[in-house]
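Colleague:
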Amino acid sequence: MLKAVCIGMLIALLLGLGASRLEVATGESAQPRLSSQTQMCVGCHRSATPGIVSDWTTSRHAQTTPAEAWTKPQLERRISTPLELISPELRTVAVGCFECHSRNIDKHADAFEHFGFRIATVVSPADCQTCHGVEATQYAASKKAHAHDNLLKNPVFTLLMETITQRQRLDEHGQLIAEGSSPSTQHETCLGCHGTRVQAKGLKAVKTAMGTISVPDLEGWPNEGVGRINPDGSLGSCSACHPRHSFSIAVARKPYTCGQCHLDPDVPAWNVFKESKHGNIVFSREREYNWEAVPWAVGRDFQAPSCATCHNSLLVDAEGRPIIERTHDFGSRLWVRLFGVIYAHPQPRDGRTYLIKNRDGLPLPTTFTGEPATEFLLSPQEQQSRQEQFQMVCNACHSRSWIAGHFAKLDQTIAETNQMTLTATLLAARAWEGGLAKGLPGNPFDEEIEQLWIKQWLFYSNSIRYASAMSGAPDYATFKHGWWNLNETLQQMREWLKLRRD
Amino acid sequence: MLKAVCIGMLIALLLGLGASRLEVATGESAQPRLSSQTQMCVGCHRSATPGIVSDWTTSRHAQTTPAEAWTKPQLERRISTPLELISPELRTVAVGCFECHSRNIDKHADAFEHFGFRIATVVSPADCQTCHGVEATQYAASKKAHAHDNLLKNPVFTLLMETITQRQRLDEHGQLIAEGSSPSTQHETCLGCHGTRVQAKGLKAVKTAMGTISVPDLEGWPNEGVGRINPDGSLGSCSACHPRHSFSIAVARKPYTCGQCHLDPDVPAWNVFKESKHGNIVFSREREYNWEAVPWAVGRDFQAPSCATCHNSLLVDAEGRPIIERTHDFGSRLWVRLFGVIYAHPQPRDGRTYLIKNRDGLPLPTTFTGEPATEFLLSPQEQQSRQEQFQMVCNACHSRSWIAGHFAKLDQTIAETNQMTLTATLLAARAWEGGLAKGLPGNPFDEEIEQLWIKQWLFYSNSIRYASAMSGAPDYATFKHGWWNLNETLQQMREWLKLRRD
Amino acid sequence: MLKAVCIGMLIALLLGLGASRLEVATGESAQPRLSSQTQMCVGCHRSATPGIVSDWTTSRHAQTTPAEAWTKPQLERRISTPLELISPELRTVAVGCFECHSRNIDKHADAFEHFGFRIATVVSPADCQTCHGVEATQYAASKKAHAHDNLLKNPVFTLLMETITQRQRLDEHGQLIAEGSSPSTQHETCLGCHGTRVQAKGLKAVKTAMGTISVPDLEGWPNEGVGRINPDGSLGSCSACHPRHSFSIAVARKPYTCGQCHLDPDVPAWNVFKESKHGNIVFSREREYNWEAVPWAVGRDFQAPSCATCHNSLLVDAEGRPIIERTHDFGSRLWVRLFGVIYAHPQPRDGRTYLIKNRDGLPLPTTFTGEPATEFLLSPQEQQSRQEQFQMVCNACHSRSWIAGHFAKLDQTIAETNQMTLTATLLAARAWEGGLAKGLPGNPFDEEIEQLWIKQWLFYSNSIRYASAMSGAPDYATFKHGWWNLNETLQQMREWLKLRRD
């Protein structure tokens, strides 16, 4: 069977399959040359996995070489590693299957022999760094890159995660017995976004249309979480936002992409955006916008922002003057962390939030009563400076007066929701102190009143802050997951305590 | 008044209204001839109900005749009944008002005289079968076609439906008195998707711009549920997915269509899709896709799948080689039923699930403790064979290794969520046994602890399984309607029992 | 610094900046002349706030003069104030920055001097009335225009609002102490949609790229709520639906716009639309529709309706014959108010619902037991007449028989959900009478059982009625926020009472 396949590949080569045979629907005039290895890949995979090949065919990677990419003016450039640092054999061929899947192969624990080539299943940020050095470096410093570790190297968050996803059975006395959460469930819940640890456990045989072949036996795979720990030791997954084989900048700029992970009830950025004026305009005029343009011109290419506009894109005005630089360190434009664990707080200095220690010795950015772990967080001066940067984006479409009113309101909302979290925490503390529930150093996350408490900070306070920050979604802040819920839950906690004390 | 109308129709005919006068925005060169009857219909209805006529004008039905449809190559064909079985007067005219609304008229209890024509209000799958025989036959075998009966011929499900939609009043002693659910409410809740029984109760007079006319007095109308029982005795409604008078294949392929019924909290396929990588790409690139092409080419016409892609469309690769056949028996590619009633289980062998009997004598695919009614469900071998078929679709864009990892995870998730349902069931059983609630043979669906139990299997376990199956939506499986909720509800059930026992 | 700015403006003028330099992507042949003042504005603001200028450039305002607008045939016209009532200096220039921001300036408490011009920050409906007189007059009569007052001049609704958005702290005895809600939180919750009172508190200095300048210090700003009280005393905000500076009719017609405020859980019009057949078709075919056409032709410009179609647009059939007139009094086509406060009831006669008094002397359209405040509400005859008007829209695409079946079902649903609200109210009354909770004349909205009661009418009954009215969204009416929830909550109220009485 394998022999037949190899003959198939040979025929493909003899037929001259390659760049000239790929139909590309982009209107760019000349197709770049494919490397001989990529021609071999395509020769079989256009039958074996036709969707992958077709998807890649629509990509810029299929239509440009690194050398050509470097001929663009600086603001239009998507490549950042200096050409002289890119190995010569890559410079003048299209970025094809082999170019990426064979990169840094000696570092890949998932490397394997595949029809005469040594390739890896997982292409990592360290591989993309070959051409996109600035982006990879920025990303490596972000909280996103450390999203796996920020859960699993932080014992408090690990306990929270394992409590939420645990299996339970009933014993012979009718008692609930917790049985922990499985790697499989962690994979498709928390680590679906945070990223799994992908580990190669030798090879396994799989049946394909081309016969039985050996491929790496991978644990934690498939996964595209932003903090994925790759078999080469690198962190992250570029395809979380530039999915599959088209590596589209347009897809990364569309809010649907961010919406896969930043959504309700815990991080309702997507939900709030949808209900905001920004979202209203984007969805109404989406098809008129130019989602591909680099740089991205406010007013000319779009009239209202998507997530990427404010958080990471390179923006210019309609006449091409720069407004703000591109960044792939996604928190770097932010001064405050709305996502309350358990209180909103200044952004951490370091992407590795598991390094934080608060005054109680816990790896949390605040204490349970809200005191910030100041030395690990931005100073007021740094916050101020970041906010001024950010407002450059707002100012493209809003007056200074508008902006000032908006952010003053956000500050007030942060203070009020933090206060409501404190009230809920003090009610939970009454249960802990009264022996009605067991808090720290035990598990403060598994009993009924604790679940009420968690919803206050993880769902409702968070939602209100996101709604405030995006100047929209009043219903979110009110009834959906907002003040209604904050007050309803306080009442439920009060009644819970009352019933059990009487 | 009626006389004036008839004169209007005459004038319309004299003016030569017909095919040549219909503006069609499709670019197909020649308009087919309209039958003389349809010309009469259009003559009045372009004023009476202009939206219907305009909508139909955009349809393929208005632009093709059955004879022309049969000239297409096999894979491009949308007609399946052999031309010689289609009556001669239909073959060379467009598929217009009269062609459909007069079909099999003697079988239609909703037939009536309308300005000289005998027509029916409801066009049924038996009428569409005239030209679409293969699709109608496949559909008739599906669970969809039997969706009404699967609720109403199953006493357990009927009880569940009636309990959920019941009215309640307070008697003079402050006791809640259940008063059953009304046909009207059943119509717009469960039967909105499952389909009503449409019954003709003679004629009634309605005022129209053309005077008072007699039309059938229909019970259970309007309705487009997939298991609708039609006045001709047939089952289903093609316009559930090919809505109104454009009968568009594009609309049926868009996820918005499936999303009308397959949505949260009980069947959150649409919600999970939206948050999955497939959904992310589809929504981001929707306008670039060719939603009309038959056959539908992976990679060429689209890069990521909608619901129809995996579940029923005819797919080819970019070079036209078939990947999988079209089916209108919508469960026929599936091996497992994620929708837990009350446990996930192998797909039933027969679309009429009300025929199932489990070991306890109930018409359910499993017992309350999860034992499957094996003889009514697919065998492991049949499951295996269906899964291999289905993976042909995945394999168009994913490697075998990716697919294996994905489905192994799904198997584990089915086992874990079934285990969590069992734990909840055993807690409910403690209430039943302790006399704190009344279970079978009474109503196990109407008390507070029973409502907690129902949410475990109908909302949360289901949601987690859908999230797993579509390899996306980690937030769904975690916080939205996922493991968080499973564990929160178990705790609530435990506290409920504790408070009432002490 | 200011000197430099003025020089910049001078240079701009000398360079002849103006209409001919604005790139407009609309294909209309000739650009209208800009007033000299607007040329000055644009000269600086194309750098200062480039997004605003670019957005306006895409607008019809930038491309037409009032005089040209009046040359259109009546049905195509978007201007309604007779040309002779529009001041001569406005008639033949484009509608630019200065034309709107300097309108009626003496009435504007937010007026200020800005680089030699006296302008206002907030452009109000009274300013838009200059050209759009009919629309402004209609709007002023609507419930929308009075949305702020309808909350804040109604003491019952004010109490509800303040209870829902209140802060709470824990005192030294562990008691929850309510601390009222802040203006800031009211601004971004209820008043986000209902509208704030915008008040000018003198001037403040803001730093801009052009130096420190003085701008009005505005309270309640930014806000685009429909009932905003403007610094000129007028009510409302046109940019709630025609956002920012493109003033697009297309955006106002898209359902995303209405969806910012009319959404779940209290007013789930948007959510129900999304899951309805209308929504399904609109989202599937959105890009094929002509969202700009005036008048809007059923069948030709679109095949399924968005919110605006049924509620306020001017509609014609495909041949241009009028179906229904445009209105900006948004409730004026409606006969029944589904939004239950606390029961569904006939539409109020007057947009100022705070003027209503029910038999118990409360400013509510019904009593707590459902008796309508008849004299303030439409009579059955008026209801009938409005419904017949409304059905003209339905009839464009649906037969009379279909329509009759649909609205009969809605009537039944209103009766049933009102009955369920009564049942819940009587249960709450048992708590009030038994001293388990404090009702009127105290706060009937702040205790646990009262919160359960509120959800019955504000979330679930409302949702069921919207689902019924839009003939779709069966899942909404069942499980999402429907009959399941109504019955679940009744059971919770019953158990709440039982536990506390025993």
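In order, the protein sequence lines correspond to chains H, C and Y. Numbered according to our numbering, the first sequence terminates at residue 507, and the numbering increases by one at each position without gaps. Numbered according to our numbering, the second sequence terminates at residue 507, and the numbering increases by one at each position without gaps. Numbered according to our numbering, the third sequence terminates at residue 507, and the numbering increases by one at each position without gaps. Even for Gly, the Cβ is constructed at its ideal location relative to N, Cα and C. Values in this document were obtained by computation on a predicted structure and should not be read as measured data.
Check this for me: beta carbons of residue 311 of chain Y and residue 287 of chain Y, under 8 Å apart or not?
Modeller: Cβ distance < 8 Å, so residue 311 of chain Y and residue 287 of chain Y count as in contact.
Colleague: Where do the N-terminal and C-terminal ends of the beta strand (DSSP E) with residue 173 of chain C fall, by residue?
Modeller: Start and end: 173-175.
Colleague: Determine, for residue 410 of chain Y, whether the minimum Cβ-Cβ distance to residues of chain C falls below 8 Å.
Modeller: Yes - at least one Cβ of chain C is within 8 Å of the one on residue 410 of chain Y.
Colleague: Give me, in chain order, the residues of the same chain whose beta-carbon lies closer than 7 Å to that of residue 249 of chain Y; leave out the 5 immediate sequence neighbours on both sides.
Modeller: Correct list, in chain order: 60.
Colleague: Would you mind stating whether residue 479 of chain H and residue 193 of chain Y have Cβ atoms separated by less than 8 Å?
Modeller: A contact, by the Cβ cut-off of 8 Å.
Colleague: Whole-angstrom Cβ separation of residue 461 of chain C and residue 496 of chain Y, contact assumed at under 8 Å?
Modeller: At roughly 16 Å, the Cβ-Cβ gap does not stay under 8 Å, so residue 461 of chain C and residue 496 of chain Y are not in contact.
Colleague: Can you find the residues in the same chain that come closer than 6 Å, C-beta to C-beta, to residue 149 of chain H, ignoring five residues on each side of it along the sequence?
Modeller: Hits under 6 Å: 231 and 335.
Colleague: Which chain H residues are close to residue 345 of chain C, counting only those with a beta carbon under 9 Å from its beta carbon?
Modeller: By Cβ distance, chain H contributes nothing, its closest Cβ being about 16 Å from residue 345 of chain C, past 9 Å.
Colleague: At which residues does the alpha helix (DSSP H) containing residue 55 of chain H begin and terminate?
Modeller: Its alpha helix (DSSP H) spans residues 55-62.
Colleague: Would you check if the distance between the CB atom of residue 204 of chain C and the CB atom of residue 185 of chain C is smaller than 8 Å?
Modeller: No, the pair does not count as a contact, with Cβ atoms beyond the cut-off.
Colleague: From residue 317 of chain H to residue 338 of chain H, what distance separates their C-alpha atoms?
Modeller: Roughly 8 Å separates the two Cα atoms.
Colleague: For residue 413 of chain Y, which three-state DSSP category applies?
Modeller: In this structure, residue 413 of chain Y counts as helix in the three-state DSSP scheme.
Colleague: Who are the neighbours of residue 49 of chain Y on chain C, taking C-beta pairs under 8 Å?
Modeller: In chain order: nothing, as chain C lies at least about 37 Å away.
Colleague: If you draw a straight line from the alpha carbon of residue 379 of chain C to that of residue 164 of chain C, how long is it in whole angstroms?
Modeller: Their Cα atoms are separated by approximately 24 Å.
Colleague: Between residue 319 of chain C and chain H, is any beta-carbon pair separated by less than 8 Å?
Modeller: Chain H contact via Cβ: absent.
Colleague: With three or more beta-carbon pairs closer than 8 Å as the criterion, would you say the segment 405-421 of chain C touches the segment 174-190 of chain H?
Modeller: The segment 405-421 of chain C, when compared against the segment 174-190 of chain H, does touch it at the 8 Å Cβ threshold.
Colleague: Can you tell me the Cα-Cα spacing of residue 354 of chain H and residue 332 of chain H, whole angstroms?
Modeller: C-alpha separation (whole angstroms): 16 Å.
Colleague: Are the C-beta atoms of residue 31 of chain C and some chain H residue less than 8 Å apart?
Modeller: Low local confidence applies: a pLDDT of 40 at residue 31 of chain C is under 50, so the model's placement there is unreliable, with the coordinate-based value given in what follows. No, residue 31 of chain C lies away from the interface with chain H (no Cβ there is under 8 Å from its Cβ).
Colleague: From the DSSP output, read off the bridge partner residues of residue 2 of chain Y.
Modeller: Missing from the structure shown is residue 2 of chain Y; chain Y here goes from 6 to 507 and no further.
Colleague: Relative to the alpha-carbon of residue 430 of chain H, which residue among H/399, H/357 and H/463 has its alpha-carbon at the smallest distance?
Modeller: When only C-alpha atoms are compared, the closest one is H/463.
Colleague: Kindly list, in the order they appear in chain C, the residues whose Cβ is closer than 9 Å to that of residue 303 of chain Y.
Modeller: Per Cβ cutoff of 9 Å: 55, 56 and 59.
Colleague: So, are the CB atoms of residue 53 of chain Y and residue 214 of chain Y less than 8 Å apart?
Modeller: Yes, these two residues count as a Cβ contact at 8 Å.
Colleague: Which chain C residues are close to residue 504 of chain Y, counting only those with a beta carbon under 9 Å from its beta carbon?
Modeller: The answer, in chain order, is 504 and 505.
Colleague: Excluding the five sequence neighbours on either side, which residues of its own chain have a C-beta within less than 6 Å of the C-beta of residue 63 of chain Y, listed in chain order?
Modeller: Excluding sequence neighbours, residue 63 of chain Y sits near 251.
Colleague: Buried or exposed: residue 79 of chain C, going by 16 or more other Cβ atoms within 10 Å of its Cβ?
Modeller: Exposed.
Colleague: Give the range of the beta strand (DSSP E) segment to which residue 213 of chain C is assigned.
Modeller: 204-213 is the extent of the beta strand (DSSP E) around residue 213 of chain C.
Colleague: Have a look at residue 352 of chain C and residue 395 of chain C and give me their C-alpha separation to the nearest angstrom.
Modeller: Going from the Cα of residue 352 of chain C to the Cα of residue 395 of chain C covers about 14 Å.
Colleague: Tell me which same chain residues have a C-beta within less than 6 Å of the C-beta of residue 482 of chain Y, skipping the five on either side of it?
Modeller: 469 and 472.
Colleague: How is residue 192 of chain Y classed by DSSP in three states: helix, strand or coil?
Modeller: Of the three classes helix, strand and coil, the one that applies to residue 192 of chain Y here is helix, per DSSP.
Colleague: Tell me whether the segment 115-126 of chain H and the segment 155-174 of chain H touch, counting them as touching only if at least three CB pairs, one residue from each stretch, are closer than 8 Å.
Modeller: No, the segment 115-126 of chain H does not touch the segment 155-174 of chain H.
Colleague: Alpha carbons only, please: which of C/96, C/45 and C/77 is nearest the one belonging to residue 37 of chain C?
Modeller: Measuring from the Cα of residue 37 of chain C, the nearest candidate turns out to be C/96.
Colleague: Counting only C-beta atoms, is residue 269 of chain C closer than 8 Å to chain H at any point?
Modeller: No, residue 269 of chain C lies away from the interface with chain H (no Cβ there is under 8 Å from its Cβ).
Colleague: I'd like to know if the segment 483-494 of chain Y and the segment 207-221 of chain C are in contact, where contact means that at least 3 CB-CB pairs between them fall below 8 Å.
Modeller: No, because fewer than three Cβ pairs between the segment 483-494 of chain Y and the segment 207-221 of chain C fall closer than 8 Å, the two stretches do not touch.
Colleague: Just to confirm, is the Cβ distance from residue 411 of chain Y to residue 227 of chain C under 8 Å?
Modeller: Yes, these two residues count as a Cβ contact at 8 Å.
Colleague: What residue does the alpha helix (DSSP H) around residue 110 of chain C start on, and which one ends it?
Modeller: Run containing residue 110 of chain C: none; DSSP gives neither H nor E here.
Colleague: What residue does the alpha helix (DSSP H) around residue 283 of chain Y start on, and which one ends it?
Modeller: Its alpha helix (DSSP H) spans residues 282-290.
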